[in-house]
């Protein structure tokens, strides 16, 4: 029955603990006003003690309970019989009664039968109302000796009794228990529990059980079954009965095969092998923990090596889960998804588990929605790794995902998108494999008409596709998608969408490089009437507190936050921290200063080797602690990964960068407006090492060949900050790594990022002047004599490091070059003082205060320069959107002109072309002419002429004006013509109709041909080619006139323009022919500055001298005067009033606006011109 309790004469000591429940009252409050409360009493005694004295102690303790007494209560007694339960009501005086009993013994070697003194004491304890009984140390037979029935007991705990079997008599005394605990005994089998129909929880952990009865759960309400650390290899129960289980704990058992898990529908807690899983009741997230199973002799033999919490630690668990096809349980699969999210090595372990991927693929086609969703999440987590994503795709995941997305079930569409978004985000190659126009049409349909989550998810997927340059170029050709994005982001009156959907659409536009549309969607002010304002901040570690002080002075002078004063902010290392904190997170400068206090307190104030070490590693702590400051720490870095704790630094940065607990990417901040922000790191995974920009914007697509600065906008925000601040020796000995790429501190290549910021400004706003560049240092000290070096190698190391991190060479270059740019102002603020000579990880408060004092004195001394820069930054941006677009329609830095013409016959369009050619030649303006009519006829196949146009534009990146000297009709601009022959007999009805449609005053075709070489009939050019005269037998003459017809063969329409989407960006487009509105809209949506063309004046095309004079005046105003396109159009209309039918089209607030030459504007045009 029990073991390990030997015979002996040792005196036992017993402890009896009773818990009472009553109404606690305070002061004069009545009992009814009190609250139910529990209080415990405890008494310990030896077997030699007098039981009467022990009983007196118990009575005294009960009398001291803080409960009201003497009032009457209603008592409900339940009388049980074999056939019924009878309720008996009564009224009696209230007396506190125990509701819980715990009995233990200090002598573990006593006999199993308790001493008579204990029985005597317990019989006087009024245990009739006890609901919980806990008996250990061999005292379980108290149940038999004290009472015949324990009908009130609902929880029985007989753990730690060394039981090998459980006597039937013991369990018979507690017929109505809900909870039974028999942990830490020596049971090899479970007793028969079928009589306990009210049993809800069974805990039999730490025993020797090898099997459980198949009918264990029959006729019971069992909800919790805990059998941890036994010797179970199988778990066979009647599944119909097990469906009530909420908790199933089998940790530490060498289970070989799982039961049919899909029947366990209510699971909230599950433990298998060495893994414990429970759903957090607050968050609803499943918490997963790897536990030590060394106490389980069976399982511990299967777990080898040092205990970890990821990767190999899950091998046994995963092997069990996927050993058969019985793992299809939503709770279990949700736990798998959670495990995959905890560490990349866990994902690899799942993929390596035999049958895992195949079973997950089966689950996403299950009829159980919850199973589909959690399996999709698990696959999505795995797919974040490029290598694992490729393995998944090789196992037919692509087909499964495609089927989910293309199906009619919206829920499964979402699951497919969850997987797809992860896969294509892992690798550009996989993204290209999945990309197709059909898929993009499906995503467009989802984004247009799905529920909010489906719309958001589909737009997120579109954005992930767009990170790849090739996909991005293809996506810009999809007119439906691009129009939808603009309508969602900018036109709420056309498409109803939530704020989240609008943000997601704006994010996609940002990834596509549509920075102007993003600005409009975010309602951010335009750079109009002024130039670009740039802020650059150096690196310097804890010296960033000096930079914060400089920023505060600028804020005080401008009266607005830093993120409202600049268009572009660039930082390196500590400057990157400030750039993100102040201009992406929009933190106050006080908060930014607090970040540095945390850096000093939590990171720089401790070394990485201060952690407690034991065993084989203990010598590291002893040696490392000898080197605590200065150059001695160099030796410490040979023992540890860095001088300071890297993980603490990353945790701090990550927390500061999070939004509502989520890790945003750099591009995620784009929809919220604010300045463009980038931070500089040094990419070391390629040779040679080079600067790398993490940025919250994307370059325009047509800039691929022009913009070569390496960088990305799709990394997580905190990753970019850590990569920029990954200071060798101080925080990282090895580089900061993301997948296969590695970075070190940006200070190694660009500690002063001002020059790089200027280059970025030219890339982002090529047609904008630079108004001011504000470069902030973190303190510098005056040069001094160097101490004699230990060796030449040591000297070389110091010189290389100083050269790499130098900031003043960039300052000297910019102070020389920027004054050469008209209107550009350059300000460098950097205190130079011996007190600035402190380490980047300095924690000495006196030295830091010295740095701040030196900075304050510097600010006072440079008051005039600070006032000047603040005066520039204070200028308000109060020009409305339409006015801004008009002022932006200047020629800018791209001053080349390209003329595209397609005459139907020689010299047809020569007058205007000659006028433009003469003007460009006189003003030394680059001119390129593309004559589409000179392409060989056999080349006109498909879109060859359009391809030629595209190629010409790509080869002329400095083109600022596209001038179409072409005919048009309702289908678009005609780029190519084809010719055929036709004959018209005269006299005939056809001849009369021909003359009527030609619009001429001739009476016969003969008169027409004698006078005109060409005649246009319904938009088709007819060129006289000859005639044939025939005389009949009556002498009547009949003539047949031969005409060569010239008809359109190829158009530049809105569809073709969409394919050339990136070519229209930042161009002024001029057409001498009126255009379809759809074509104009495509050009403007593609980022054209404006379109100047005749209004709806059909037929007014190439009116020779009239348009020639207009164009001469237009280009003079545009290039020579410096007017914007609208002002130039107005000036040209004054010179040639007959051409006042020209209009200027701009895109403002997402709508196309049409402006006339004589229209009045609300801003001072003359001042601008």
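In UniProt numbering, the protein residues as written are 1 to 1169. Ideal placement from N, C-alpha and C gives every residue a C-beta, glycine not left out. Quick caveat: nothing in here was measured; it's all calculated off a predicted structure.
The beta carbon of residue 859 sits closer than 6 Å to those of 553, all from its chain and outside the five residues before and after it, given in chain order. Secondary structure of residue 19 (DSSP, three-state): strand. Within the segment 527 to 582, complete beta strand (DSSP E) segments of at least 3 residues are found at 532 to 537, 568 to 572, given in chain order. Here the C-alpha atom of residue 661 lies approximately 20 Å from the C-alpha atom of residue 713. Rounded to whole angstroms, the separation of the alpha carbons of residue 169 and residue 60 is 34 Å. Between residue 817 and residue 773, the C-beta gap is not smaller than 8 Å, which leaves the two residues out of contact.
A residue is called buried when at least 16 other Cβ atoms come within 10 angstroms of its Cβ; residue 205 meets this threshold and is buried. The three-state reading of DSSP puts residue 312 in helix, counting H, G and I together. Secondary structure at residue 1094: strand, using DSSP grouped into helix, strand and coil. The beta-bridge partner set that DSSP reports for residue 263 is empty.
Distance from the CA atom of residue 1086 to the CA atom of residue 854, rounded to whole angstroms, is 51 Å. Residue environment: residue 779 is assigned as buried (16 or more neighbouring CB atoms within 10 Å of its CB, all protein chains considered). Taking the Cβ atoms as the reference, residue 531 lies roughly 6 Å from residue 768, within the contact range of under 8 Å. At a Cβ-Cβ threshold of 8 Å, residue 680 and residue 580 do not count as neighbours. Under the three-state reduction of DSSP, residue 125 is assigned to coil, being neither helix nor strand.
Two segments are said to touch when three or more pairs of C-beta atoms, one from each, lie closer than 8 Å; by this definition the segment 1114 to 1122 does not touch the segment 466 to 486. In the DSSP assignment, residue 967 falls outside any beta strand (DSSP E) and carries neither an H nor an E. Taken in chain order, the whole beta strand (DSSP E) runs of length 3 or more contained in the segment 856 to 916 are 896 to 901. According to the DSSP assignment, residue 655 belongs to the alpha helix (DSSP H) that extends over 646 to 657. In this structure, the alpha-carbon of residue 507 lies about 14 Å from that of residue 695. When rounded, the separation of the alpha-carbon atoms in residue 575 and residue 1145 is 42 Å. Take the alpha-carbon of residue 954 and the one of residue 470: they are about 16 Å apart. Counting C-beta pairs closer than 8 Å gives fewer than three between the segment 1070 to 1087 and the segment 994 to 1007, which falls short of the contact rule.
Where residue 340 is concerned, the enclosing alpha helix (DSSP H) starts and stops at 330 to 342. Around the beta carbon of residue 227, 16 or more other beta carbons lie within 10 angstroms, which makes this residue buried. Between residue 570 and residue 895, the alpha-carbon positions lie close to 29 Å from each other. Take the alpha-carbon of residue 843 and the one of residue 746: they are about 23 Å apart. Secondary structure note for residue 198: it is in no alpha helix (DSSP H), with a DSSP letter that is neither H nor E.
Looking at the DSSP output, residue 102 shares a beta bridge with 17, 134. DSSP lists no beta-bridge partner residue for residue 56. Rounded to whole angstroms, the gap between the alpha carbons of residue 577 and residue 962 is 43 Å.
In the structure shown, the three-state DSSP call for residue 210 is coil. Taking 8 Å as the cut-off, the Cβ atoms of residue 357 and residue 363 do not count as close. In summary, residue 22 is buried, with 16 or more beta-carbon neighbours lying within 10 Å of its beta-carbon over all protein chains present. DSSP lists 692, 745 as the bridge partner or partners of residue 681. In the three-state reduction of the DSSP assignment, residue 524 falls in the coil class, being assigned neither a helical nor a strand state.
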